[in-house]
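> For the sequence shown, the UniProt record's numbering begins at 1 and goes up steadily by one.
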Amino acid sequence: MGTDKINLTENARVVLEKRYLAKDSSGKVIETPETLIERVSNAIAKAELKYVQDKSDDWAKKFYDMISELKFLPNSPTLMNAGRELGQLSACFVLPVEDSMEGIFDSIKSSALIHKSGGGTGFSFSRLRPKGAMVKSTGGVASGPISFMKVFNAATEAVKQGGCVDENTRIATVNGLIKIKELAPCDLPEDSWHKYETPLKLYTDEGVKEADEFYVHGKAKVKKISTECGYSVCITHEHRLRVIDSDGNYIWKHAKDIKKGDWLALKKNTYPETTDYRLPDFEYESHFNAKEITLPQEPSEDLGEFIGYFIGDGSFSFNERGTGRVIFSVADDEPEVFDRIISLGNKLFSIEPVINKKPGDKSSNLFYNSTVLAHWLKHIGVDKVSSMDVKVPEIAFRAGVNFATGFLRGLFSADGTVSKEGYVTLYSISKELVDGVRELLLSLGIPSRTIINIDRQDSLGKNPIYRLNLITQEGYVIFRDRIGFISTAKNDRLEVIDNRAWEFNDIIPNQQQVFAKIYDGPGRGCGHERMDLGANRELYRDIQHYLPKVAAPRNLNRSRLSYLAEKYPEVAESPLKWFLENNQFYDRVETVEDDEAFTLDLSVPDNNTYIAAGFISHNTRRGANMGILRVDHPDILDFIQCKKNDKEITNFNISVAITDKFMEALKEDGNYDLIDPHTKKPTGKLRAREVFDLIVDMAWNNGEPGIVFIDRMNEDNPTPEIGDIESTNPCGEQPLLPYESCNLGSINLAKFIKKSGNKNTIDYESLKETVHLAVRFLDDVIDVNLYPLKEIEEMTKANRKIGLGVMGFADMLIELGIPYNSDEAVKTAEAIMSFIDSESKNASCELAKERGVFPNWEKSIYKEKGMRIRNATTTTIAPTGTISIIAGVSSGIEPIFALAFERHVMDNQRLVEVHPIFKQVLKEQGLYSEELMQKVVTQGTLQGIDELPKEIKRVFVTAHDIKPEWHIKMQAAFQKYTDNAVSKTVNFPNSATREDVKTVYMMAYNLGCKGVTIYRDGSRQEQVLNKGTKKERPARYKIKPRPRPSVTYGNTEKVKIGCGNLYITVNSDENGICEVFTNLGRAGGCPSQSEATSRLISMALRSGIDVKAIVEQLKGIRCHSTLRQMANNKDIKVLSCPDAIGRAIERSIGENVIVNGNGNGSNEAYIKRYLDTDPEATATSEDGLHNPNPTKKKVNGGTCPECGHRLEHEGGCVICRSCGYSKCG
């Protein structure tokens, strides 16, 4: 469509590659910026076919030219998803929150679907009755909107990426129990989602579903949770598992909150009958006179049995010439086993064993003298070096039920017993084998328990013995009927089990409250208003031990519940019946331990669960919310303070909906009424001034709540007959009706400057053309969009709201020679937005002639005006953080953040980057110099730099040169000609007072703004102070390293680097590692830097700095010299000298160097992980910092959670100029 390469900055290309360009299943980028725009243009132009045939290609070309010239960019969802499978193109939605449990949880469900599709949601909680109000339907009292906001927040947390599992965790799929690292490759960039080309089918708590994406999180702190029966899983702190709580509720619980004694749910019967597993191809050149054998072509039950017995009582033997044999040991008192192994060898491989009776032993050896057989078994993953390190071979987890049951039969026949009472036990000195068998048995419906026997005084060995017992009646029956033993005698014992023996094993925990509801009702038992004494006494006798607060409580087990359900309809019709049908087993937590692991995750859209190591596990995606409450709601004071603790309600921006009545009371310093939303009656009064001061105080402390002038928004509601506007999207610029969405896009004003004589002017003709084309584009988006909910599609298409906004306004002002903080700039804002608004309406009216008015036009304000228009709204000023980076211009209507900043590049060099217009002007006037730019970087402003002319300092102002009042004046100027609202953040210096905030809020109301968000620099990084208290500076103190000990011990190792050999000595004393020395070989290098690094590390170690924190800082540092040499020198296994030092220290403290999440991977994989995971390495933030943030910490108002760079608060949102992260998505 276009042959020319788009003129993009390097930063723009980095952001596009990281966030927008399509990738294949391996994470490789498979499109260019040019093909992305082509994809988007073609997808949107398909809407034209609905109205005029054979014209879509023409419009696609026009759309392509407009976007590729960076004159207009649609919102991020459109760039990401147009022409792709997800197809969800809207950025923002509003959902209703009705005053009923059904309505509330319907809204939660809907928001989860929206967040999964990548959208953000706005809610008004103003309809919910206040805390303490009576609820007639239940006889209880309402918990209030804040409590439900916390429920919504928790639901969003579930949709957010926050939980992952250890890479070695087995996931139950339709092709077996497969480690997640084989389903989600570890060598892809960390903290990245990747879409499956073909969805992965796996087991969930509701049967087989499809996973559409996987997530590579990387190394993280995990909780290793182990149960009383021995089941265990390693998951990140935010990952959630199913728990039966103390009241018997089936709930989700974060790993960080799980504790000893909690009952966890495990899923049974997750092993598929058949899989796509095929035996791997095998080529081996046997000896010319070796006896030929046959090799199975498919896994079978017989092969499983043969391998199972081998794992239990078999071994390999290879001599010095490489000749191999497979050996089985069989007890003499088990002739059936003896005959069966010989039969299997003949049937499977056409081979007979050599039999050797062991002297002085009651067993015989069967020698299969076949090197081919020995190598083939190893080739398919069957190995056994010793009985202590043996494990379940991978084939047993993947080859289908028949193979798995055969394997277990063989293994239990070799190392298992069955007592005369019928109890089945497997013995092994290999923990890994027993753990694998326990997981395999569970997937077949057979729970088991591991008991460790450490005291072996009367035994031959000293290693602990792991004893695995079957523990449930259902599991026992499955084992008897499907697995069993080779020996008839053992199988006979399986028939004598006493059912009563399972009373305390298959427990269904904490159901006392359910039984209380079954028994505690009219006509049951005795007491006031019940039947006479003795009524229903039989039911009472049968369930008395399962009721709350009884003298002799008992655990309910599955067989007892089955008996009760068959006997009593009350039980069969109760929620307890579910436990008989859910295929779950419940086990109590024994230990919770802290650990670290490489972690991954899966996204399962249908029900957001999957089975991890047997446990029912939950995790999916992320989302953002806006929560609004009317100022006249009785719970308004709680709402204003609900984010006082910034660790609560973290997934919401909050705003107070200010009414005109409140503002009137505020001006008169009077009281206003609080209105119960349920009864519509006053419930009390508050003094407006005190409420307003509280809003100001909280916003001064941490930027929230914002305020929206709700009555003003409804004055401009284009469809008042359809409903009132109650909420906005998460950034506040888009007031919407319930179930509405809006499609946004922004015009790049910097592209519409033309020369007129000796000065620049605005090119209104070109701007008009782009406005008309952009309106058409956004209207087409409505038709091709794939909406997350049917209700949203219907409402969006009924009103067809679009939001055309702007970016690059500050750059335009500079080109025009107008300072941002001037009346001339305000007039320019009014002129430009008036023109865009007027032309967008003209364009929409022209579309109405072609396509018709929006369906709700008859109920709109436009009918009275006689204006036949296609779209209910046409203009919105939205935050443009990421798309303005792509366009290479200032964000939205915000001023420029910085004119020059430093970028840190390789080899400790610093590169100063300068705003292009600023640089051009300086060069034209002969003022540009590196020294001057360094001064600009240092000061952060031009003010006070004497060598710069006043005119340059007047025009080139930055955000922190501008007083807050000018921010509001500019917002009001744009709001005057904007249908919806204007997203803008008023940035205050840290020194700003509450009075400053109050002034801005009043000014915003008086000048006609629809809302305002403020941010005081650094306010979210410091402790919130109580009103009226004085901030005390903490006392300064100095850390001094302890003296170097006179005697140390340690080791020295040689490491190959790009400059030659590096010798690293790590020494310790009784307190741990205390010093590091380095020495470079003859090849040279940079010995002074290495020595400086070593000295600083040594000082840090003796100053008490955590050695692991030091290692974390060193590992992953790259040196271009080492990287260049690495391509030609395979002996180089590190990235740089600091990386080598970090890894040497890590080895010295006994830590495995983490490679692929365990200590067994290759150095190449370690290197690749660091080289491939940092696409933002060439991006730079406005403050010039380049410090990737491997911990990916939560946004705290200061640093980016993805790359660690400084965040900017703008447009009612938060944006990172370095990597393109945006809190608003």
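For glycine and all other residues, C-beta sits at the position ideal for the given N, C-alpha and C. Fair warning: this is a prediction, and the values are worked out from it, not measured in the lab.
What is the rounded straight-line gap between the Cα of F901 and the Cα of V937?
For this step, residue 901 is matched to residue 901 along the sequence shown. For this step, residue 937 is matched to residue 937 along the sequence shown. Distance between the alpha carbons of F901 and V937 is about 5 Å.
> With a 10 Å radius around its C-beta and 16 neighbouring C-beta atoms as the bar for buried, classify W263 as buried or exposed.
Residue mapping note: residue 263 aligns to position 263 of the sequence shown, counting from 1. Answer is buried; the Cβ neighbour count reaches 16.
> Mind checking which residues open and close the alpha helix (DSSP H) that includes G436?
The residue you call residue 436 lines up with position 436 of the sequence shown. Residues 431 to 443.
> Could you tell me how far apart the beta carbons of V29 and E10 are, in whole angstroms, since I believe they sit closer than 8 Å?
In the sequence shown, the residue the question calls residue 29 occupies position 29. In the sequence shown, the residue the question calls residue 10 occupies position 10. That belief does not hold up - the Cβ atoms of V29 and E10 are roughly 15 Å apart, past 8 Å.
> Could you name the residues of the same chain whose beta carbon sits closer than 6 Å to that of S1162, not counting the 5 residues immediately before and after it, in chain order?
As a first step, residue 1162 must be located in the sequence shown, where it is residue number 1162. Because the pLDDT of S1162 is 41, which lies under 50, any placement of that residue in the model is unreliable, and the number read from its coordinates should be weighed accordingly. Within the same chain, S1162 has no close Cβ partners at all.
> Distance check for S315 and residue 1231, CA to CA, integer angstroms please.
Nothing can be reported for residue 1231, as the shown portion of the chain is limited to 1 through 1225.
> Determine the direct distance from the alpha carbon of A60 to that of K50, and round the result to whole angstroms.
Taking the sequence shown and counting its residues from 1, one reaches residue 50 at position 50. Taking the sequence shown and counting its residues from 1, one reaches residue 60 at position 60. Those two C-alpha atoms are separated by around 14 Å.
> Between which two residues does the beta strand (DSSP E) containing V326 stretch?
Locating residue 326 in the sequence shown gives position 326, counting from the first residue. V326 -> beta strand (DSSP E) spans 324 to 331.
> Is it buried or exposed, H194, if we count other Cβ atoms within 10 angstroms and call 16 or more buried?
For the purposes of this step, residue 194 is taken as the residue at position 194 of the sequence shown. H194 is buried by the Cβ-count criterion.
> Let me know if Q971 comes out buried or exposed under the rule of 16 or more other beta-carbons within 10 Å of its beta-carbon.
For the purposes of this step, residue 971 is taken as residue 971 along the sequence shown, with counting starting at 1. Q971 comes out buried.
> Give the range of the beta strand (DSSP E) segment to which F988 is assigned.
Your numbering for residue 988 matches position 988 in the sequence shown. Run containing F988: 985 to 988, per the beta strand (DSSP E) assignment.
> Starting from T417, follow its DSSP beta bridges and name the residues at the other end.
Translated into positions along the sequence shown, residue 417 becomes position 417. BP columns for T417 point to T425.
> Taking the straight line between their C-alpha atoms, what separation do you get for residue 1227 and G218?
With the chain covering 1 to 1225 only, the question about residue 1227 has no answer from this structure.
> Assign L602 to one of two classes, buried (16 or more other C-beta atoms within 10 Å of its C-beta) or exposed (fewer than that).
For this step, residue 602 is matched to residue 602 along the sequence shown. Flag for L602 reads buried.
> Alpha carbon to alpha carbon, how far is R19 from Y64?
The count along the sequence shown starts at 1 and reaches residue 19 at position 19. The count along the sequence shown starts at 1 and reaches residue 64 at position 64. Between R19 and Y64, the C-alpha separation is close to 20 Å.
> Tell me, please, which residues DSSP counts as bridged to S315.
As a first step, residue 315 must be located in the sequence shown, where it is residue number 315. Answer is I327, bridged to S315.
> CB K362 to CB D594, shorter than 8 Å?
Here residue 362 refers to the residue found at position 362 of the sequence shown. Here residue 594 refers to the residue found at position 594 of the sequence shown. Going by C-beta atoms, K362 is not nearer than 8 Å to D594.
> Which residue comes first and which comes last in the alpha helix (DSSP H) that contains S41?
Walking along the sequence shown from the start, residue 41 turns up at place 41. S41 -> alpha helix (DSSP H) spans 33 to 45.
> In terms of residue numbering, what span does the alpha helix (DSSP H) encompassing W700 cover?
Here the question's residue 700 lines up with position 700 in the sequence shown. It spans 688 to 702 - the alpha helix (DSSP H) in which W700 sits, taken as one unbroken run.
> Do the segment 133 to 151 and the segment 564 to 577 make contact, defined as three or more Cβ pairs closer than 8 Å?
In short, these stretches do not touch, since the Cβ pair count stays below three.
> Note down the Cα distance separating V354 from E394, rounded to an integer number of angstroms.
For the purposes of this step, residue 354 is identified with residue 354 of the sequence shown, where counting begins at 1. For the purposes of this step, residue 394 is identified with residue 394 of the sequence shown, where counting begins at 1. In a straight line, the C-alpha of V354 is about 29 Å away from that of E394.
> Just to confirm the assignment: which complete alpha helix (DSSP H) runs, minimum length 4, are found wholly within the segment 821 to 877?
With a minimum length of 4 residues, the continuous alpha helix (DSSP H) runs that stay inside the segment 821 to 877 are 823 to 851, 861 to 865.
> So what's A399 in DSSP terms, helix, strand or just coil?
Working through the sequence shown from its first residue, we reach residue 399 at position 399. Residue state, collapsed to three classes: coil.
> When we look at the beta-carbon of residue 1230 and count the other beta-carbons within 10 Å, is it buried (16 or more) or exposed?
Here the chain covers residues 1 to 1225 and nothing more, so residue 1230 does not appear.
> Under a three-way DSSP split, which group does Q943 fall into?
For the purposes of this step, residue 943 is taken as the residue at position 943 of the sequence shown. Coil at Q943, not helix or strand.
> Which residues in the same chain have their Cβ closer than 7 Å to the Cβ of K201, if we skip the five residues on either side of it in sequence?
Translated into positions along the sequence shown, residue 201 becomes position 201. Around K201: T173, V174, V208, E210.
> Curious, which full-length alpha helix (DSSP H) runs of at least 4 residues does the segment 202 to 278 contain?
Runs found: none.
> Any idea what DSSP makes of Y586, helix, strand or coil?
The sequence position of residue 586 within the sequence shown is 586, counting from 1. Residue state, collapsed to three classes: strand.
> Considering only DSSP beta bridges, list what F1077 is partnered with.
Taking the first residue of the sequence shown as position 1, residue 1077 is located at position 1077. Paired residues: T1065.
> Can you tell me whether V905 is helix, strand or coil according to DSSP?
Along the sequence shown, read from residue 1 onward, the residue named residue 905 stands at position 905. Note that V905 scores 39 on pLDDT, short of 50, meaning its location in the model is unreliable; the coordinates nonetheless yield the value given after this. Note: V905 maps to coil in three-state DSSP.
> Specify the secondary structure class of Y787 as computed by DSSP and reduced to three states.
Locating residue 787 in the sequence shown gives position 787, where the first residue counts as 1. In this structure, Y787 counts as coil in the three-state DSSP scheme.
> When the Cα of V921 is compared with those of D946, I952, E894, F897, which residue comes out closest?
In the sequence shown, counting from the first residue as 1, residue 921 sits at position 921. Closest option to V921, Cα to Cα, is I952.
> Where I483 and R409 are concerned, what is the direct C-alpha to C-alpha distance, given to the nearest angstrom?
Position 483 of the sequence shown, counted from the start, is the residue given in the question as residue 483. Position 409 of the sequence shown, counted from the start, is the residue given in the question as residue 409. Rounded to the nearest angstrom, the two C-alpha atoms are 5 Å apart.
> Identify whether S741 lies in helix, strand or coil by the three-state DSSP scheme.
Position 741 of the sequence shown, counting from 1, holds the residue named residue 741. Three-state DSSP puts S741 in a strand.
> Cutting at 8 Å between CB atoms, please list the residues of its own chain near L411, excluding the five before and the five after it.
Taking the sequence shown and counting its residues from 1, the one referred to as residue 411 is at position 411. G308, Y309, I311, G312, L426, V437, listed in sequence order.
> For a test of the three-state rule: what should DSSP assign to E596, helix, strand or coil?
Counting from one through the sequence shown, the residue named residue 596 turns up at place 596. Strand at E596.
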